[in-house]
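Protein chains in written order, with our numbering: chain A, 5 to 153; chain B, 162 to 985.
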């Protein structure tokens, strides 16, 4: 069953999925921002799990604190499975780079946004389209009242 | 017994129970006169325990815990002993770092003391069962490693270290000097036995190290040893180290010279087993707040003062002031409390990354009072200011802030740092207010400041005052600081305009300028001497010192790599309780002490992130935002479209709503609705069940009350969601997948930034089907399911043989080719 019959799913993933996920995250941020405890120094890297239905509806499954970052140790075993390698074209390199880049990028952003100066907020201008570390994208900038939309 | 004692090293009540045991444990004074404890060398089982050396802990004391023994006095004694231990540990670390060798004479004398000490325990039982039942229970049993541990403990002052609590495997790991042949052993050296236990039930020892004996040689015979063998039952002298054990079969003898011990060094040289002592580290991490904090100079005060609570409670500020006044020293605590380090901690860092600067003497300008390296554990801290420009510049930061602050601000930073260095020279002191600083310290300070400001090319007087103020404001005790600040900050407009709590403002700014570089020098210097952990406000980019703690868990290596690349310095893993860090990355929120969190210290979890990371929390938050509470839950269509229909089992109104919802369907369809039950807090898919049918639902919602506890089923807590039965599937077989994205809240005060990362995609390992709802493999893609895979059988968490996951990178949409939407 190739994708021929499901071109719409492919299109959705290509063109719409990221957008929907970001909108969902913005919604979550709007919902929780005022409820989270706030203090200079706090940051959090959360793992958000989503699912897509065959009619292209995004579903949020859950949000995880402390998302798995130890991808490395399962890669070799998992990828060696014949089942998988025959089914999918898997780019080992991409996988191996993914989590380190997430961590690295996250720390970069934390360090950039959390200057030692509590009042110094405008030092880094995040604008949509500006490349950010590790392909992170700005979602929510409270100070400038900017949200992904 | 020592084992037991050591495990209880932490400050808790069980420590109280044990404290009396250790009258000989760290007998710093006692062990100096060995003669008293010497016992005629006798061999044989008839050597009764009642004749055991006087140094052995006295059983009676244990019982006394229940009677009228003065608990205070006992505890005081215990505390003194612990303090001594810590001092010894520091000394040992220092010895190690300095590479000092003791004289041969000293070592030979110590060697024979060690042997004599071992002989003094001849006849002590291996364990209770070897003891004559008619004799009172002994308070001391020595197995093979226990004998050595006991001897080392008795002689801890002479050796200059406190031996760890572990067994012979540890002991061998601390002895790197291998002796090839028995003939080259010196009396007192150790013979370790590598062996395999014959019983499969016996867990193998580390390195299969099953036994140890002390080589005697000489008059006792060329192969003679002293040791405690299981089958012999008591500490004895053996004519030969060779023997056949009933419990293990020998693989190899390992001969080890105790020379490193004689040099006062006892640390693991095994790359595999660090044998890090938790207990000491806990105490270290507790810093000055610990009543076991040893105060090298102020310490006597404490001891004589007696009451531990003084040290622990808020009164310690007063106490420390006194100490400082007496010692006439500048205090580091402004720094340490602002996330700063105490001397113990600093020292440890120094040991971790020893650098040549370690042995540099202290500059008089910084530390005017006499300074003894040995007392402080060899922290060469204050070698700094004048040397600042001689020391290597700290590595450039990888993510500098583009915006530089005013030079004044930077100047203040530099001064602040130098201050930190100055302050770190204060040993064994705590909170202080700047008024108490004796004039000469002020002089020293301002001199150093002059230095600093000269380097940075800024107005001297201004920065000097600024710095004094910074010293003041660094203290966490804001109320008193405000007063101080008022006194001192008059001339520094720059600073006075800022609020105390914003002292960090001054240290902000990661711009690249001369002063910045100077600051880095100072910073680099101070971190070199091991006090980097003490100054979170040092770092240019982070507002914290560039020291980080990462717990050895999920992904820590990635965090370490990322931070190391940025020039951060890692704190030891046993510093999990330390409040002195610039950044902390740990698995759970409970590993972060939010009460002692200082603004600007980076911590990787928001304390109440459970409002979105638990299912119920998230539901509540979303309902608050998107749903009118007045609506019945069946009509809460206002949910964001991406939220599946969800019912909270702990909300009284939700369960009726759930059944209301079901009843809104035609009767024929009700049973067919598929639900997913998720426990609220469990992550990674634990406890999730896919169910259908009203009966199953009722069981979950209401439980099945029964008087028989075996049959009783309690209602479950968590959420029930409408199960998504039409997931998009991948591949010809049709595998379910989910998408793991990242939401990074990089800052949330005073404003919030959030970022998105597209993450990757995870696949269930079995083709999707609704025919078997119990088979969670095909339904769940959570990462933990993979843990149960046979591949991970070595992992103790594994209980069930379940499928595992494939990870794909969704950002590159590699799997697009194989998407299918086949249902069932």
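Even for Gly, the Cβ is constructed at its ideal location relative to N, Cα and C. The model shown is predicted, which means the values in this text are computed figures rather than measured ones.
For residue j and residue i, believed in contact at Cβ under 8 Å, the rounded distance
i	j	result
residue 354 of chain B	residue 313 of chain B	About 19 Å; that fails the 8 Å criterion.
residue 921 of chain B	residue 102 of chain A	6 Å
residue 275 of chain B	residue 426 of chain B	Between residue 426 of chain B and residue 275 of chain B the Cβ distance is about 15 Å, and since that is not below 8 Å, they are no contact.
residue 878 of chain B	residue 780 of chain B	Actually they do not touch by this definition, with Cβ atoms about 13 Å apart.
residue 58 of chain A	residue 889 of chain B	5 Å
residue 807 of chain B	residue 880 of chain B	5 Å
residue 863 of chain B	residue 876 of chain B	5 Å
Exposure label - residue i; buried when at least 16 CB within 10 Å
i	result
residue 120 of chain A	buried
residue 726 of chain B	exposed
residue 497 of chain B	Low confidence applies to residue 497 of chain B: its pLDDT is 32, below 50, so where it sits in the model is not reliable, and the reading given next is rough at best. Result: buried.
residue 420 of chain B	buried
residue 149 of chain A	exposed
residue 68 of chain A	buried
residue 41 of chain A	exposed
residue 246 of chain B	buried
residue 627 of chain B	With a pLDDT of 33 at residue 627 of chain B, under the threshold of 50, the modelled position of that residue is not reliable, and the figure given next carries that caveat. It is buried - the Cβ of residue 627 of chain B has at least 16 other Cβ atoms within 10 Å.
residue 338 of chain B	exposed
residue 48 of chain A	buried
residue 762 of chain B	buried
residue 379 of chain B	exposed
residue 992 of chain B	There is simply no residue 992 of chain B to check, as chain B begins at 162 and stops at 985 in what is shown.
residue 318 of chain B	buried
residue 261 of chain B	exposed
Rounded C-alpha distance that separates residue i from residue j
i	j	result
residue 139 of chain A	residue 917 of chain B	8 Å
residue 451 of chain B	residue 332 of chain B	29 Å
residue 776 of chain B	residue 825 of chain B	25 Å
residue 30 of chain A	residue 72 of chain A	22 Å
residue 909 of chain B	residue 327 of chain B	45 Å
residue 334 of chain B	residue 754 of chain B	34 Å
residue 398 of chain B	residue 283 of chain B	8 Å
residue 268 of chain B	residue 453 of chain B	30 Å
residue 987 of chain B	residue 906 of chain B	No answer is possible for residue 987 of chain B: it lies beyond the span of chain B, which begins at 162 and ends at 985.
residue 153 of chain A	residue 895 of chain B	33 Å
residue 662 of chain B	residue 787 of chain B	Confidence at residue 662 of chain B is low in this model, with a pLDDT of 34, below 50, so its placement is unreliable and no value can be given for it.
residue 718 of chain B	residue 289 of chain B	45 Å
residue 408 of chain B	residue 305 of chain B	14 Å
residue 348 of chain B	residue 391 of chain B	22 Å
residue 736 of chain B	residue 251 of chain B	16 Å
residue 431 of chain B	residue 330 of chain B	10 Å
residue 772 of chain B	residue 360 of chain B	51 Å
residue 236 of chain B	residue 325 of chain B	22 Å
residue 363 of chain B	residue 285 of chain B	25 Å
residue 547 of chain B	residue 720 of chain B	Its pLDDT being 37, under 50, residue 547 of chain B is placed unreliably in this model, and the coordinates cannot settle the point.
residue 555 of chain B	residue 731 of chain B	Residue confidence for residue 555 of chain B is low, a pLDDT of 37 falling below 50, so the modelled location carries little weight; the figure read from the coordinates is stated next. If I take the Cα positions, the gap works out to 15 Å.
residue 784 of chain B	residue 840 of chain B	19 Å
residue 899 of chain B	residue 258 of chain B	52 Å
residue 394 of chain B	residue 311 of chain B	17 Å
residue 415 of chain B	residue 750 of chain B	45 Å
residue 113 of chain A	residue 56 of chain A	29 Å
residue 340 of chain B	residue 423 of chain B	16 Å
residue 490 of chain B	residue 248 of chain B	Model confidence at residue 490 of chain B stands at a pLDDT of 35, short of 50, so the residue's coordinates are unreliable and nothing is read from them.
residue 36 of chain A	residue 851 of chain B	28 Å
So if I threshold CB-CB distances at 9 Å, which residues from the stretch 705-729 of chain B count as touching chain A? 705, 714, 715, 716, 717, 718, 719, 720, 722, 723, 724, 726, 727
Chain B contacts from the stretch 103-122 of chain A (Cβ-Cβ distance under 8 Å): 103, 104, 106, 107, 108, 109, 110, 111, 112, 113, 114, 115, 116, 117, 118, 119, 120, 121, 122
Taking three-plus beta-carbon pairs below 8 Å as touching, is the stretch 740-748 of chain B in contact with the stretch 709-722 of chain B? yes
Closer than 9 Å, Cβ to Cβ, to anything on chain A: give me those residues from the stretch 907-922 of chain B, in chain order. 907, 908, 909, 910, 911, 912, 913, 914, 915, 916, 917, 918, 919, 920, 921
For the 8 Å Cβ check, are there 3 or more pairs between the stretch 9-27 of chain A and the stretch 865-873 of chain B? no
Decide if the stretch 381-391 of chain B is in contact with the stretch 363-371 of chain B; the criterion is three or more beta carbon pairs, one per stretch, under 8 Å apart. no
Against chain B: residues of the stretch 61-76 of chain A by CB proximity under 9 Å: 61, 62, 63, 64, 65, 66, 67, 68, 69, 70, 71, 72, 73, 74, 75, 76
Counting only Cβ-Cβ distances shorter than 9 Å, please list the residues of the stretch 31-43 of chain A near chain B, keeping chain order. 31, 32, 33, 34, 35, 36, 37, 39, 40, 41, 42, 43
Relative to chain A, which residues along the stretch 768-783 of chain B have a C-beta separation below 8 Å, given in chain order? 768, 769, 770, 771, 772, 773, 774, 776, 779, 782, 783
Positions along the stretch 877-905 of chain B whose CB lies within less than 7 Å of some CB in chain A: 885, 887, 888, 889, 892, 893, 899, 900, 901, 902, 903, 904, 905
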